[in-house]
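Residue numbers (the UniProt record's numbering): 1 to 161.
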């Protein structure tokens, strides 16, 4: 009932110019720096305003996938899911896994750097001047536990109450 009312209001009182702008925004919508949950919220908001941009759940799923960051897109699209709720759930998992893996890499690099500093500092000589490092490292950010993409709490999405 509520959905029918919203649709009638948008059809009858929402200007066509605004609909076209939202349709264009929908076509260009990308996750960018947003979390998967924030991207889904904007994605769904536009669909609520101009529902004709998607034909069915499969179409909605395809559009959502196209807008995900490449690393998350690759992890989710390989599963060939056809239901939007499943795609969203897997995207949250992929996002969390990516953030967790990045944190692990940074923590490991940081601990390796500390070990090298101790070894170099104890010699009193020059720090390993023979060979340049094989892989230049980027400055690592301090590791923080990732936040839940659903509620923002200090836990993973699967543990969300």
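Backbone N, C-alpha and C define an ideal beta-carbon position, used for all residues, glycine too.
>> So, at 7 Å on beta carbons, what are the nonlocal neighbours of residue 152 in its own chain, with the 5 sequence-adjacent residues on each side left out?
In response: none
> Along the chain, which unbroken stretches of the alpha helix (DSSP H) at least 4 residues long are found entirely within the UniProt domain "Retrotransposon gag" (2-70)?
Replying inline: 2-13, 16-28, 36-49 and 57-67
>> Just to confirm my understanding: we take residue 58, look at its own chain, exclude 5 residues before and 5 after, and list those with CB closer than 7 Å. What are they?
In response: Excluding residues within five positions, the ones whose Cβ falls inside 7 Å are 82.
> Is residue 79 helix, strand or coil when you go by DSSP?
Replying inline: coil
>> Taking only three categories from DSSP, how would you classify residue 96?
In response: helix
>> Less than 7 Å between the beta carbons of residue 72 and residue 107, yes or no?
In response: Judged by their CB atoms, residue 72 and residue 107 are not nearer to each other than the 7 Å cut-off.
> Does DSSP put residue 152 in a helix, in a strand, or in coil?
Replying inline: coil
>> By alpha-carbon positions, which one of 32, 30, 78 and 84 ends up nearest to residue 55?
In response: Cα-wise, what sits closest to residue 55 is 84.
> So what's residue 124 in DSSP terms, helix, strand or just coil?
Replying inline: Residue placement at residue 124 is poorly supported in this model, since its pLDDT is 49, which falls under 50; the coordinates are not used for a value here.
> Tell me which same chain residues have a C-beta within less than 7 Å of the C-beta of residue 25, skipping the five on either side of it?
Replying inline: 46
>> Quick check: what's the CA-CA separation for residue 104 versus residue 75?
In response: 19 Å
> When you compare each of 33, 17, 64 and 102 to residue 86 by their alpha carbons, which one comes out closest?
Replying inline: 64
> Exposed or buried, which one is residue 36 when buried takes at least 16 other CB atoms within 10 Å?
Replying inline: The residue is buried, with at least 16 neighbouring Cβ atoms inside 10 Å.
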